[in-house]
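> Going by the numbering used here, the first residue of the sequence shown is number 64, and it counts up by one from there.
Beta carbons: idealized from backbone N, C-alpha and C, even for Gly.
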Amino acid sequence: MERLPPRAPDTIAAVATAPGRGGIGVVRVSGSGLLGFAQALCGRQPQPRLAQFSRFVDGEGRPIDEGILLYFPAPASFTGEDVLELQGHGGPVVMQLLLERCLGLGARLAEPGEFTRRAFLNGKLDLAQAEGVADLIEASTAAAARSAVRSLSGRFSEEVHRIVDRLVDLRMLVEATLDFPEEEIEFLERARAMPRLEGIRGELEALLDRAGQGALLRSGLNVVLVGAPNVGKSSLLNQLAGEERAIVTDIAGTTRDALRETIQIEGIPLHVIDTAGLRDTADTVERLGIERTWREIERADVIVRLVDASVSATGDDELAGRLPGGVERITVVNKIDLVSAAAGREEQAGQVTVRVSARTGEGVDLLRAELLRVAGWHAHGEDVVLARERHLQALRMALGHVCAAGEQLAALELFAEELRLAQERLGEITGEFGADDLLGEIFSRFCIGK
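As structure tokens, this is what we get:
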């Protein structure tokens, strides 16, 4: 029977590459004392940070695969522990055999996100950087990927820490005044404390705005196209997508079900839903499609209501009245090519109307610009912070405490407490403050092997 190498009680292993077939597949192992692990697997002691061609063998010494062995000793590794990476041929059977061999040597299967969680717990990444890893993997646009890299490199965390440092400086002065009331500390005079507090407030508002832009970049918007049958919803979807995604015919009611496509406008993912035409019908299948249309409308961030420029608007006002309130709306007058009308945009009483031809594409750029405006997109390049909802919530709460502090300057104990709470909320972003169940929820959303 093969003798197992000595190891720490908690070595983890997982396939780090995506499922399926490819030229290369990677099995990652993290723990301590992995030199013996590598010796049993490859029959050699690996050299740190050196790519070594190796033969991976099973417990009987039979070859499983040939590939590259990489060894990163602690603490100079991704997880902060000893890390082995086995780069073999990327077939699912080969990867499974390599993984089973690692488990047979005493490792256990890693949980989703456990490698990154260990990196966080060992101080290799803060929580915002760890989430940047997942956001980079999941990025659906180039702009989102670039923003995720900035979070991974620590840009977001640096901005948060800078604001925290300013809060700490102000708190120190407050606490000193409370502890030594007989001393004169000029910075705590109302005229001096308030400008400091206003500066912190301004930085928080600016960061919250950029984080909101990043949340839009990360998640996008749900845009639902609604209107009567044959009004041109599918043609408009194809124009927005820049290619034919939906079937277009002259037959009313061609679209029987909601068709969801994700398109990009300036890097913003828009999840556009082409819905069944809204009308009274006896057709059972079409009626089911219309019911789904109304469900999509209820989940929409933006409703684009199409009307036909070439026919009477009968029924359009009734449809407009049935649409839910509190949702951004854009009215699109389509088929302007049939009535020789010009493309354009107009706004009356806060209601925007864009005139387009989904057949020729005329005016569609105006609609794209309007979608960005409605979404609130105004950031550019390096300004964007790819944020999650929890980041936005923490920033909003921190801002609320800073604003509350401004109303408590006469009561220094309350002033100091509001500053402390603001600091604590910001610490939740980077992981200085945070419950274990929150950490578990965050890392459980990662893929296995990361």
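Thinking just about the alpha-carbon of each residue, which of A191, S210, S203 and L241 is nearest to the one in V223?
Comparing Cα positions, the closest option is A191.
> On the DSSP bridge list, what partners appear for S371?
Just to set this straight, residue 371 is Asp in the shown sequence, not Ser. Paired residues: N397.
> Report the start-end ranges of each alpha helix (DSSP H) in the segment 195-252 that is 4 residues or longer and not cut off at the edges.
Runs found: 205-215 and 218-242.
> Would you give the residue range spanned by the alpha helix (DSSP H) that V465 belongs to?
Start and end: E452 to G469.
> How far does the alpha helix (DSSP H) with R164 in it reach, from first residue to last?
Here the alpha helix (DSSP H) through R164 covers P155 to G167.
> Helix, strand or coil for A77? Go by DSSP, reduced to three states.
Reduced to three states, the DSSP call for A77 is strand.
> With F119 as the anchor, note down where its beta strand (DSSP E) starts and where it stops.
Its beta strand (DSSP E) spans residues Q115 to V120.
> Can you tell which of V90, L284, Q471 and Q150 has its C-alpha closest to the C-alpha of V367?
Closest option to V367, Cα to Cα, is L284.
> Just checking my contact of K187 with G143 at CB under 8 Å: how many whole Å lie between their CB atoms?
Their Cβ separation, rounded to whole angstroms, is 5 Å, which keeps K187 and G143 in contact under 8 Å.
> So who's on the other strand from D364, going by DSSP bridges?
None, per the DSSP bridge assignment.
> Check each candidate in L449, L484, L172 and G94 and name the one with the smallest Cα separation from A137.
When only C-alpha atoms are compared, the closest one is G94.
> Taking only beta-carbon atoms, is I331 less than 8 Å away from chain B?
Of the protein chains in this structure there is only one, and it is not chain B.
> For R323, tell me which candidate among E163, G99 and R362 has the shortest Cα-Cα distance.
The shortest Cα separation from R323 among E163, G99 and R362 belongs to R362.
> Comparing C-alpha positions only, which one of I336, E470, A182 and G389 sits nearest to R358?
Comparing Cα positions, the closest option is I336.
> Distance, Cα to Cα, L401 vs R418?
Cα-Cα distance, rounded: 12 Å.
> Would L303 be called buried (16 or more neighbouring beta carbons within 10 Å of its own) or exposed?
By the neighbour-count rule (16 or more Cβ atoms within 10 Å), L303 is buried.
> In terms of residue numbering, what span does the beta strand (DSSP E) encompassing G407 cover?
Counting along the chain, the beta strand (DSSP E) containing G407 begins and ends at G407 to Q411.
> Please state whether DSSP places S282 in a helix, a strand or coil.
S282: helix per DSSP, three-state reduction.
> Note down, in chain order, each residue of its chain lying with its Cβ closer than 8 Å to the Cβ of L279, except the 5 sequence neighbours on either side.
For L279, where only same-chain residues beyond five positions count, the Cβ hits under 8 Å are I331, A438, G439 and W440.
> What do you get for M235, buried or exposed, if any count of 16 or more other CB atoms within 10 angstroms of its CB means buried?
Its Cβ having fewer than 16 others within 10 Å, M235 is exposed.
> Let's see if you can read the secondary structure: which residues bound the beta strand (DSSP E) around G490?
Where G490 is concerned, there is no enclosing beta strand (DSSP E), although the alpha helix (DSSP H) it sits in stretches over L475 to T493.
> Going by DSSP, what residue range makes up the alpha helix (DSSP H) through G88?
First-last for G88: G85 to G94, but that is the beta strand (DSSP E), not the alpha helix (DSSP H).
> If distances are taken between C-alpha atoms only, which option among E425, E495 and K398 comes closest to V294?
Out of E425, E495 and K398, K398 has the C-alpha closest to the C-alpha of V294.
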